[in-house]
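This report concerns only the one structure given below.
Numbering (my numbering), first residue to last: 60 to 162.
Set out below in structure tokens:
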């Protein structure tokens with residue numbers, strides 16, 4: 060019985076961090092840009108995921124850090140992913156503005 064409890068506890072500890080929380084409207088998050096993307100309509104942007112919600116920061120580079128305040132979450136009609144509208148401010152920098160909203 061003790062072995063079963065230990066194994067179950069170990070599995071839960073390993074799995075729990077992988078279940079990331081989705082972003083919520085009205086909340087503020089510190090993010091680190093994971094990837095850089097670009098398209099003909101929005102230009103270059105950095106992208107990060109907060110759970111299943113995508114955040115796109117215009118002209119951001121990989122590994123830059125930002126504080127974002129989520130103002131709205133909608134489904135992007137082209138990618139079918141949940142995308143956040145937000146206000147951002149660069150940590151340790153002078154950039155601030157609005158994230159790219161879902162079309």
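Virtual Cβ for every residue (Gly too), placed ideally from N, Cα, C.
List the residues that DSSP assigns as beta-bridge partners of residue 106. Taking the chain shown and counting its residues from 1, one reaches residue 106 at position 47. According to DSSP, which records beta bridges pairwise, residue 106 is partnered with 94 and 115.
Return yes when the Cβ of residue 109 is within less than 8 Å of the Cβ of residue 137, no when it is not. Stepping through the chain shown from its first residue, residue 137 is reached at position 78. Stepping through the chain shown from its first residue, residue 109 is reached at position 50. Their beta carbons are not under 8 Å apart, which means residue 137 does not touch residue 109 by this criterion.
Roughly how many angstroms lie between the CA atoms of residue 148 and residue 112, to the nearest whole one? Working through the chain shown from its first residue, we reach residue 148 at position 89. Working through the chain shown from its first residue, we reach residue 112 at position 53. So the two alpha carbons sit approximately 19 Å from each other.
8 Å Cβ cutoff met for residue 121 and residue 96: For the purposes of this step, residue 121 is taken as residue 62 along the chain shown, with counting starting at 1. For the purposes of this step, residue 96 is taken as residue 37 along the chain shown, with counting starting at 1. Not closer than 8 Å, so no.
Do you know how far the Cα of residue 100 is from the Cα of residue 131? For the purposes of this step, residue 131 is taken as the residue at position 72 of the chain shown. For the purposes of this step, residue 100 is taken as the residue at position 41 of the chain shown. Between residue 131 and residue 100, the C-alpha separation is close to 21 Å.
Mapping the DSSP letters down to three states, classify residue 154 as helix, strand or coil. Your numbering for residue 154 matches position 95 in the chain shown. Looking at residue 154 - three-state DSSP - the assignment turns out to be coil, as it is neither helix nor strand.
N-terminal and C-terminal residue of the beta strand (DSSP E) that residue 142 is part of: Residue numbering aside, residue 142 sits at position 83 when the chain shown is read from its first letter. Where residue 142 is concerned, the enclosing beta strand (DSSP E) stretches over 141-149.
Please report how far the alpha carbon of residue 81 lies from the alpha carbon of residue 114, in whole angstroms. Taking the chain shown and counting its residues from 1, the one referred to as residue 81 is at position 22. Taking the chain shown and counting its residues from 1, the one referred to as residue 114 is at position 55. C-alpha separation (whole angstroms): 11 Å.
Spatially closest choice to residue 125 from 106, 98, 158 and 90, by CA coordinates: Within the chain shown, the letter at position 66 stands for residue 125. Checking every option, the nearest Cα to that of residue 125 belongs to 90.
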